[in-house]
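Peer 1: In the order they appear, the protein sequences are chains Z and H. Residues in the first sequence are numbered consecutively from 1, following the working numbering. Residues in the second sequence are numbered consecutively from 1001, following the working numbering. Pasting a structure below so you can have a look.
Number of protein chains: 2
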Amino acid sequence: MIEPNDLNDPALRSRAIAAAQGQEPFDVLISGGVIVDMVTLRLRHADVGIVGPLIASVHAPESDVAYSAKVTIDASGNYLSPGLIDMHMHVESSMIMPDEYSRAILPRGVTTAVWDPHELANVAGLEGMEFAFEAARSSAMRFLVLAPSCVPSAPGFETTGGNFDERVMSDLLARQDINGVAEVMSMQSVLDRSPRMSGIVQAGLTAQKRVCGHARGLEGAALQGYVTSGIQTDHELTSGEDLLNKLQAGLTIEMRGSHDHLLPQFVEALNTLDTFPQTLTLCTDDVFPNDLHKAGGLDDVVRRLVRYGLSPLKALQAATLNAATQLGRRDLGLIAPGRRADIVMFHDLKEFAAKTVLLNGQDISHLPDAPTETNDEKRHLKLRNSFDVSALQASDFKIKAEGTSAKIATIKRPRFTEWGQRKVSVFDGAVVCPDDMIQMAIVNRFGAHQPPRLALLEEWGTWRGVFATTVSHDSHNLTLFGKGSADMALAANTIRAMGGGLAVVSDGAVLAKMPLPFGGLMQENDLATVADDFDGIIAAMNKIVDWQPPYLVFKACFGASLVCNAGPHLSDIGIVDTFSGKTLPTPVLEFTD
Amino acid sequence: MIEPNDLNDPALRSRAIAAAQGQEPFDVLISGGVIVDMVTLRLRHADVGIVGPLIASVHAPESDVAYSAKVTIDASGNYLSPGLIDMHMHVESSMIMPDEYSRAILPRGVTTAVWDPHELANVAGLEGMEFAFEAARSSAMRFLVLAPSCVPSAPGFETTGGNFDERVMSDLLARQDINGVAEVMSMQSVLDRSPRMSGIVQAGLTAQKRVCGHARGLEGAALQGYVTSGIQTDHELTSGEDLLNKLQAGLTIEMRGSHDHLLPQFVEALNTLDTFPQTLTLCTDDVFPNDLHKAGGLDDVVRRLVRYGLSPLKALQAATLNAATQLGRRDLGLIAPGRRADIVMFHDLKEFAAKTVLLNGQDISHLPDAPTETNDEKRHLKLRNSFDVSALQASDFKIKAEGTSAKIATIKRPRFTEWGQRKVSVFDGAVVCPDDMIQMAIVNRFGAHQPPRLALLEEWGTWRGVFATTVSHDSHNLTLFGKGSADMALAANTIRAMGGGLAVVSDGAVLAKMPLPFGGLMQENDLATVADDFDGIIAAMNKIVDWQPPYLVFKACFGASLVCNAGPHLSDIGIVDTFSGKTLPTPVLEFTD
């Protein structure tokens, strides 16, 4: 759903002014509820009169005016909040189509999501964007689409299915249905003032649209340099101190729920302040399908924050008014006259759970299921045929070396990676993976038909098999982790047969597989089915790996190739380090007889 | 000063990113100060590096980076705040030209003012606007000019020198140097959905600019109807309860300093909340020249709020970050990288008094005094010759009646006026003003050459003379108050000789006079001179009236003809009541022999 300037209709405003004075009936009257006022953070009994998509009046229940309404919703015993706003998310991470995402999240009270479709764009370039625009138009919920700034995330260090330079970005930003520049992840290129990234940030400033950030691990001079470029937001917080530093740097904070172990720290840091920052908003970033199905999306972030000690009113303020203000959307985020009637009715202040949801004044349970343009099988063919890899053999997954031993470069740790070095045995022309390490492989899946790039990982625990995935941020090349070159080949070929997806292999057997034929990212099934499939993958993964939270977790497999972050990462080019500019086509540094 | 998109200059951003990392010198470094952080409301030691008009870095003083700077400002022992933003004001009320206003207020730390030039527009229509645009361009401070919505404030109930209908407003709103629709004062016409006022509000919504309000005394259904029209702000607060009601209605509050007796109530109401509303901003509205000279403008509002018990950090937040956010000006209101370098250095948190002020990164004490386009005597002739009234005689100020007594309609009280009725004596063909009343007269000064309109006022205290003024909101017709038709004629003719201004007359003598030849509103002198002149008027007024604060005060004389407010008011049409639609050409209802 993309709104034209529907609230600027003179006839609508006129009818609202009349209804507010009792001269015409409201279309809908929500009576008996308690308003959670996001401005004053006070609760008060008030009735809400709605005309078309507009809130016309929020008045005391005992008013003298003889109001009438075509439809009345009884909200007795319930609270009323504005619809929640997810400030930064990727629909693709839930592995379902946007219209299914909308069907899943609207009943939970999330009415707006700022969507960075950069997974689709990395897979299919502008065709991915066209899909996103169509989906935003046809979905019931409000998707605010951003123009992905990092396609690819680190040009020259990886290859993806798209390439958005300054010119492409300027064209995208000129569109009315583009709401800004999405997370600028190539942090070092901002600091280096690379012409490409400077041009992209500049295109956002010139278009007078928001330029969103990804300031992972930045502090001190690097943080200042990054923010002074004109970048406005961050969701990549690593600690409570990092949160406070970034608030002070003037960044709009999109506090994300995807790293649950950090939320208690964030709440603790916020509770040390005498004020609740107006620049504090919430986001989900990435939600797996099973989590979305069982726990929810932004609604779940709100609940968890409250559980960790944030006042429910503040959590809701972050998710509504603060978000709307930072988006420059005065129509959203507040139950007040003249605002858009996105309203959530819920019973328990401490456990936000939507009972009734209004979107643009309409009860979403009455919305007709509109035909979705994106579901036409004859369209979006680049996304429907995005996996272009030749069949692979076990030998493709062997790290070639000569002699009897070799010094190799390793990648240490699943997060905040560092370079390591190890001396390893060489047998039969290939490196032998030591017991305490696992192998990672990346195969370009966009038609390059090159041999896999290989690396050895330290501190990734003990594996008894292989995991393969075409969901691999943000290049989404075919990525494999584990032990055993034969299992790697089997896993790769299993994915090839599905045209993209996930597979778990052990001892020559496929333990679980999940097709993701749409862009190698998504299924066109309902959420329950996709969540079930994904649960099957997780169950299989739990058999082959002993996880060690919070860092060695299944999720780490999807982010291990995010080469724009600091430290070494494997890409389809080799082991790369965008901060130092280093690229190693093979991990073998030297070998000895 | 009107900025182009100067902060979007790629070379500037590039230099700032380099300087933030210590790779290039800052143009200016403010070292040793304590930042008042408007986001977290925390104080912290930090140095501020500036490049051109841009804050490039706000870093800890003990940084490892080897920063350098062309100029260093020592801020030791001082606090640093963003420049203050006056959210709603009329330069004209200070009776000086805008460039002189800028010279007076910039050193006090007020760097931005949202200017509604509706006095100039009511006097000279679009020529008044042209003057305002030129003044905004040539003044050192940042004037954000609004398009006056109420020229006149109540069409059909008064005549002024301008007439801005929907078409004129649409043209104005298309200009880049127009920042929105100024206070919509014709409240009743909004509620009545009059085509003219609906069209004007609609023009603002269509232009996607702010539509500002004036919701004086509105509550209940009228408030809801007014706000649902799309109007976004209010500064016409009458009590602490009114403030909370209007915050809850979603209005951006521009808490004004011009009614000092209300500020303690406002502070008390705000201090009952668990949060400091992000929609709470500050304004001056109208400041007399002597007050501006002695006490200041928005800086004085901040000081008084603190004196009345508001936390200094919150008062400053309202005057900076909250204001900037509500204006949609992300470049203002925060000392953070990437923002505009409007910075005020001050010593005492509780008594905000600017010591050094930077505007766009430049110390304002070093700014060259630019030639002012508006000072050319051969230009703006309509404003320089705005007083077109024939000479008047004592008989013009007599309320005609026959017989020996008459029943007349009266206007009760200086504020929140109400209709009254009185039986009065008639002598020699004219009403005799009872001892406990005074007379008010209004003469159209825009060339209508009609006899004065007359009314009798109750509860205006005891007067021993006459006050005449061409400053009379918002029509600025010649307005007189007091006793004695001969003194009225003398006062009117004294103003006529000056081509506009103020005069105090008693017993056939002119006690004080002050020329305001520019639009009948302003002088082209320096503030000290104008303040002196105005002090002379006040001294004379204190001789002829015993004031009874807070309502019976000198200021009431300037607002008594604001016919858009509820209740009866005298205009050049007669006694009018815009809420009931009533107009009386003469107060005489009936007379008896």
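Ideal Cβ placement from N, Cα and C applies to all residues, glycine included. Keep in mind it's a predicted model, so treat the numbers as computed, not measured.
Just to confirm my understanding: we take Z/A182, look at its own chain, exclude 5 residues before and 5 after, and list those with CB closer than 7 Å. What are they?
Peer 2: D116, H118, L146, A147, P148, S149, C212
Peer 1: Excluding five sequence neighbours on each side, which residues of the same chain lie with their C-beta closer than 7 Å to the C-beta of Z/A607?
Peer 2: Residue coverage of chain Z in this structure runs from 1 to 593, which leaves residue 607 of chain Z outside it and unanswerable.
Peer 1: Among residues of its own chain, excluding the 5 on either side of H/M1038, which ones have a beta-carbon nearer than 6 Å to its beta-carbon?
Peer 2: Q1317, T1320, L1321, L1334
Peer 1: Of all the options Z/Q176, Z/G447, Z/A46, which has the alpha carbon lying nearest to the alpha carbon of Z/I55?
Peer 2: Answer by Cα proximity: Z/A46.
Peer 1: Just reading off the beta strand (DSSP E) that Z/H59 is part of, what are its end residues?
Peer 2: 54-59
Peer 1: Restricting to Cα atoms, I'd like to know which of Z/F446, Z/L456, Z/W463 is closest to Z/N477.
Peer 2: Z/F446
Peer 1: Within the chosen definition, does the region 1086-1099 of chain H reach the region 240-259 of chain Z through at least 3 CB pairs nearer than 8 Å?
Peer 2: The region 1086-1099 of chain H vs the region 240-259 of chain Z: no contact.
Peer 1: Is there contact between the region 478-498 of chain Z and the region 577-589 of chain Z, where contact requires at least three CB pairs shorter than 8 Å?
Peer 2: no
Peer 1: In whole angstroms, what separates the C-alpha of Z/A215 from that of Z/M187?
Peer 2: Going from the Cα of Z/A215 to the Cα of Z/M187 covers about 7 Å.
Peer 1: At which residue ranges does the region 1409-1453 of chain H contain complete beta strand (DSSP E) runs of 3 or more residues, listed in the order of the chain?
Peer 2: 1418-1427, 1437-1443
Peer 1: Just to make sure I have the definition right: I need the residues of chain H whose C-beta is within less than 7 Å of the C-beta of Z/T320. Which are they?
Peer 2: Result: empty, since nearest Cβ-Cβ is about 12 Å, beyond 7 Å.
Peer 1: Taking CB distances under 8 Å as the criterion, tell me whether H/Q1594 reaches chain Z.
Peer 2: Because chain H spans 1001 through 1593 in this model, residue 1594 of chain H falls outside it and cannot be assessed.
Peer 1: Mind checking the region 1221-1246 of chain H against chain Z and listing, in chain order, the residues whose C-beta falls within less than 9 Å of any C-beta there?
Peer 2: Against chain Z - using a Cβ distance shorter than 9 Å - the residues of the region 1221-1246 of chain H are A1221, A1222, L1223, Q1224, G1225, Y1226, V1227, T1228, S1229, G1230, I1231, Q1232, L1244.
Peer 1: Given this structure, state the Cα-to-Cα distance separating Z/F131 from Z/L367, to the nearest angstrom.
Peer 2: Between Z/F131 and Z/L367, the C-alpha separation is close to 23 Å.
Peer 1: How about Z/F26 and Z/V58: are their beta carbons less than 8 Å apart?
Peer 2: The answer is no: Cβ separation not under 8 Å.
Peer 1: I'd like to know if Z/T206 contacts chain H, where contact means its C-beta is closer than 8 Å to some C-beta of that chain.
Peer 2: yes
Peer 1: Which residue's Cα is closest to the Cα of H/E1219: H/G1204, H/Q1232, H/L1237?
Peer 2: Comparing Cα positions, the closest option is H/L1237.
Peer 1: To the nearest angstrom, how far is the alpha carbon of H/Q1224 from that of H/K1246?
Peer 2: 10 Å
Peer 1: Quick check on H/G1296: buried or exposed, where buried means 16 or more other Cβ atoms within 10 Å of its Cβ?
Peer 2: buried
Peer 1: Who are the near neighbours of Z/L490 in its chain, counting only those whose CB is closer than 6 Å to its CB and skipping five residues on each side?
Peer 2: If you ignore the 5 residues before and after Z/L490, its C-beta comes within less than 6 Å of the C-beta of V505, all in its own chain and listed in chain order.
Peer 1: Any Cβ of chain H within less than 8 Å of the Cβ of Z/P10?
Peer 2: yes
Peer 1: What are the boundary residues of the beta strand (DSSP E) that H/H1259 is part of?
Peer 2: From DSSP, H/H1259 is part of no beta strand (DSSP E); its letter is neither H nor E.
Peer 1: Residues of chain H with a CB under 9 Å from the CB of Z/Q362: which are they?
Peer 2: Chain-ordered listing is empty here: chain H has no CB closer than 9 Å to the CB of Z/Q362, the nearest sitting near 18 Å.
Peer 1: Taking the beta strand (DSSP E) that Z/R384 falls in, what are its first and last residues?
Peer 2: Not the beta strand (DSSP E): Z/R384 falls in the alpha helix (DSSP H), residues 381-384.
Peer 1: Looking at chain H, is there any beta carbon in it that lies within less than 8 Å of the beta carbon of Z/P325?
Peer 2: A small fix is needed here, since residue 325 of chain Z is Thr in this sequence, not Pro. Yes, its Cβ sits closer than 8 Å to a Cβ of chain H.
Peer 1: In this structure, does DSSP put Z/E183 in helix, strand or coil?
Peer 2: strand
Peer 1: Count the other C-beta atoms from every protein chain shown that fall within 10 angstroms of the C-beta of Z/E377, then say buried if there are 16 or more, exposed otherwise.
Peer 2: Exposed is the call here.
Peer 1: Pull up the distance between the alpha-carbon of Z/L173 and that of Z/A207, whole angstroms please.
Peer 2: 6 Å
Peer 1: May I ask you to list, following chain order, the residues of the region 1041-1069 of chain H that have a beta carbon less than 9 Å from some beta carbon of chain Z?
Peer 2: L1041, R1042, R1044, A1046, G1049, V1051, L1054, I1055, A1056, S1057, V1058, H1059, A1060, S1063, D1064, V1065, Y1067
Peer 1: Nearest chain H C-beta to Z/T578 closer than 8 Å, yes or no?
Peer 2: no
Peer 1: Starting from Z/E590, trace the beta strand (DSSP E) both ways and give me its first and last residue.
Peer 2: 588-592
Peer 1: Using the three-state DSSP reduction, which class does H/G1213 fall into: helix, strand or coil?
Peer 2: strand
Peer 1: Identify the contact partners of H/S1014 in chain Z, using a Cβ-Cβ distance below 9 Å as the criterion.
Peer 2: R193, S198, S229
Peer 1: Find out if the Cβ-Cβ distance for the pair H/N1179, H/L1144 is shorter than 8 Å.
Peer 2: yes
Peer 1: Residues bridged to H/M1129 by DSSP?
Peer 2: Beta-bridge pairing by DSSP links H/M1129 to no other residue.
Peer 1: What are the start and end residues of the beta strand (DSSP E) that includes H/T1356?
Peer 2: For H/T1356, the enclosing beta strand (DSSP E) stretches over residues 1354-1359.
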